[in-house]
Amino acid sequence: ATPTALLVGTGRGSQLGILIGGPQVLEQTRGVDTIVLDKTGTVTTGEMTMRAVTSADAALDEDAVLRLAAAVEHGSEHPVARAVVRAAVARHLDVPTAEQFESTPGAGVQAVVDGDVVLVGGTRWLTSSWAIPVPDAVTAAITAAETDGGTAVVVARNGSVLGVVVVGDTVKPEAADAVARFVALGLHPVLLTGDNDGAARAVAAQVGIDEVHARATPAGKLDTVRGMQARGRSVAMVGDGVNDAAALAAADLGIAMGAGTDAAIAASDITVVSGRLTVVADAVRLSRATLGIIK
Ligand code: ADP
Ligand code: MG
């Protein structure tokens, strides 16, 4: 895709707020039979809210856990991060400054806070990349939160688990309507996310999607798209994150949400400026209609 986008059609495309990478995109759109949707920021608003914070360390109260998590997450734009920071602000916590911030897309974030290495991320990342043991009670709390449709991240300091923060998603108001329109256009909808299975299934149920692929790393998202293509499917992928960029580029049609990251937009063929999912359906319909007129 070219970063310099051109507006589709004359009136309709620009009215809808769809930026198209080039005239070949119309042709790519025509054959698509599957639509893969990223969850966070694509099907959901991307404005997560904190549901709970718990301490797993007798020496720390939950505000102390939240304060450290917020210090690290301050450096991240991820929806989980924004929820954590907003919660700390709402509680009027004095959030320390973090240094040497680093982010691993689809996994977690790390920084040095008050001379300590603090990590916030998924259990898998803590155990596989950092070899940090997660106590059974913490694992049980995470499982319960995830079964409830929540997203749980673990806070660790200098190699030991301090606590858990649970955040929750809000589905975009138009998402169920958009999925119904994809189906009406003959597109098979699939939800693809780096988040856990419980959170993914809760969102899928709300919007009417049956096929769910959870716990996908950025490379896993790419593999999922390639696997579908290998089985003869022509795939449209809709996403907003750095973690979606490879999958967006590999898809037969990559669609970025306008509020998304530059990486997602650069990797895509179409950008939906408003980020409204129903506009994605309009874009597919409009492309097909335009081709019908041209040919
Ligand atoms: P999605 O595919 O739904 O957009 P991501 O791939 O961005 O989700 O994130 C997947 C998982 O990675 C999150 O559920 C979380 O466990 C972890 N993660 C990613 N970024 C962060 C962050 N800034 N803070 C804590 N955890 C994170
Ligand atoms: Mg996303």
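Residue numbers for the sequence shown follow UniProt numbering, beginning at 400 and rising by one.
Don't be surprised by glycine CBs; every beta carbon is placed ideally from N, CA and C.
Values in this document were obtained by computation on a predicted structure and should not be read as measured data.
Take I693 and list the residues in its own chain whose beta-carbon comes closer than 6 angstroms to its own, dropping the five residues that flank it on each side.
For the purposes of this step, residue 693 is taken as residue 294 along the sequence shown, with counting starting at 1. Per-residue confidence for I693 stands at a pLDDT of 45, beneath the threshold of 50, marking its modelled position as unreliable; no derived number is given.
Would you list, in sequence order, the uninterrupted alpha helix (DSSP H) runs of no fewer than 4 residues that lie entirely inside the stretch 469 to 535?
Those alpha helix (DSSP H) runs which fall completely within the stretch 469 to 535 and span 4+ residues are 478 to 489, 522 to 529.
Assigned secondary structure, V407 (DSSP; H/G/I helix, E/B strand, else coil):
Counting from one through the sequence shown, the residue named residue 407 turns up at place 8. A caution first: V407 carries a pLDDT of 45, below 50, which makes its placement in the model unreliable, though a value can still be read off. Here V407 sits in coil by DSSP.
Under 8 angstroms, do V508 and S475 count as touching if we go by C-beta distance?
Indexing the sequence shown from 1 puts residue 508 at position 109. Indexing the sequence shown from 1 puts residue 475 at position 76. Yes; because the gap between Cβ atoms is below 8 angstroms, this pair is in contact.
May I ask you to check if the CB of K438 is nearer than 7 angstroms to at least one heavy atom of the ligand HEM?
In the structure shown, the ligand HEM is absent; the only ligands present are the ligand ADP and the ligand MG.
Please classify H491 as buried or exposed, where buried requires at least 16 other C-beta atoms within 10 Å of its C-beta.
Taking the sequence shown and counting its residues from 1, the one referred to as residue 491 is at position 92. Exposed is the call here.
By Cβ distance below 6 angstroms, which residues in the same chain neighbour A400 in space, the five residues on each side in sequence not counted?
One-based indexing of the sequence shown puts residue 400 at position 1. In this predicted model, A400 has a pLDDT of only 41, less than 50, meaning its place in the structure is not dependable; the value taken from the coordinates is given anyway. Hits under 6 angstroms: G420, S667, D668.
With DSSP as the reference, please indicate the residues paired to A450 in a beta bridge.
Residue mapping note: residue 450 aligns to position 51 of the sequence shown, counting from 1. What sits at residue 450 in the sequence shown is Arg, not Ala. Its beta-bridge partners do not exist; DSSP assigns none.
Per-residue burial, residue 379 [other beta carbons within 10 Å of its own, 16 or more giving buried]
With the chain covering only 400 through 694, there is no way to say anything about residue 379.
Between the C-alpha atoms of V479 and W529, what's the straight-line distance to the nearest angstrom?
As a first step, residue 479 is located in the sequence shown; it is residue number 80 there, counting from the start. As a first step, residue 529 is located in the sequence shown; it is residue number 130 there, counting from the start. Their backbone Cα atoms lie some 20 angstroms apart in a straight line.
Helix, strand or coil: which one does DSSP assign to V552?
By one-based count along the sequence shown, residue 552 stands at place 153. Looking at V552 - three-state DSSP - the assignment turns out to be strand.
Buried/exposed call for S686, threshold 16 Cβ in 10 Å:
On the sequence shown, position 287 is the one that residue 686 refers to. By the 10 Å Cβ count, S686 comes out buried.
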